[in-house]
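**Q** Residue numbering for the sequence shown follows this note's numbering, beginning at 134 and increasing consecutively. No residue lacks a Cβ here, since even glycine has one placed at the ideal position from N, Cα and C. Since the model is a prediction, treat every value here as computed from it, not as a measurement.
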Amino acid sequence: MHRENGTLVDLNLAKGRAVGKMKATITQRFEIDGLSVDIECDGRFIFWFKREGNEWKAQYKRVFYEKDKMIPVDEKTVPVFEKEELAKYPKGYQYLAMAQHKIGHPILLDLPTVNKEAFYKMYEAIHDWLEGKDLNLFWD
């Protein structure tokens, strides 16, 4: 499940450009080693808009994974994830990746996180986009 936690819009009406930054949380329940846990993963959805006539149209969308955590359903007990195993997955979605791997899902290891260069490039590009410059947002 995805839960939307709020959206902020940067708008330049004169240039006909906008950027929407939506915070969201992925929540998934797992049964691991006989224990029920919820994994929550926070991220940002970034939407790039351009005004065409009287309509605002999305031009690009980027998602960045920020952080995640494991929450015991019984409020006491969580399965043990070894540090070496967790280290195989990018910070930002380590627990989510580990839990999904344990139930047999293939894991993508190159999803964008806040610690990667693309995250910082994106925030630099937001300024340029709002000033009306055309951009290539496909860095990775």
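1) From what residue to what residue does the beta strand (DSSP E) around Asp-143 run?
2) Between which two residues does the alpha helix (DSSP H) harbouring Ala-258 extend?
3) Ignore the nearest five residues each way along the sequence and tell me which others in Lys-200's own chain have a CB closer than 7 Å to its CB.
4) Output the residue ranges of the beta strand (DSSP E) runs that lie fully inside the stretch 142 to 200 and measure 3 residues or longer, sorted by chain position.
5) Using CA atoms only, rank isn't needed, just tell me which of Glu-188, Ala-157 and Ile-236 is closest to Ile-146.
6) Relative to the alpha-carbon of Ser-169, which residue among Leu-219, Glu-218, Ile-259 and Ala-232 has its alpha-carbon at the smallest distance?
7) Looking only at C-alpha atoms, which of Ile-165, Val-206 and Arg-150 sits nearest to Arg-184?
8) List the whole-angstrom C-beta distance separating Pro-212 from Asp-166, where the pair is believed to meet the contact cut-off of C-beta under 8 Å.
9) With distances taken Cα to Cα, identify the nearest neighbour of Leu-270 among Leu-263, Lys-254 and Glu-264.
10) Going by beta carbon distance, what residues of the same chain come within less than 7 Å of Lys-148, once the five residues before and after it are set aside?
11) To the nearest angstrom, how far is it from the Cα of Met-203 to the Cα of Thr-158?
12) Could you tell me the alpha carbon to alpha carbon distance between Leu-144 and Asn-248, rounded to whole angstroms?
13) Pop quiz: Ile-172 and Phe-182 are said to be a contact at Cβ under 8 Å. What is the actual Cβ separation, rounded to whole angstroms?
**A** Walking through what the data contain:
1) 135 to 145
2) 250 to 263
3) Listed in chain order, the non-local C-beta contacts of Lys-200 below 7 Å within the same chain comprise Asp-175 and Gly-225, local neighbours out to five positions each way being set aside.
4) Positions of the beta strand (DSSP E) runs, each at least 3 residues long and wholly inside the stretch 142 to 200, are given as 150 to 165 and 168 to 185 in order along the chain.
5) At residue 146 the sequence reads Leu, which differs from the Ile that was named. It is Glu-188.
6) Ala-232
7) Per the Cα distances, Arg-150.
8) 4 Å
9) Lys-254
10) Leu-263, Glu-264 and Gly-265
11) 13 Å
12) 26 Å
13) That pair is no contact at about 31 Å.
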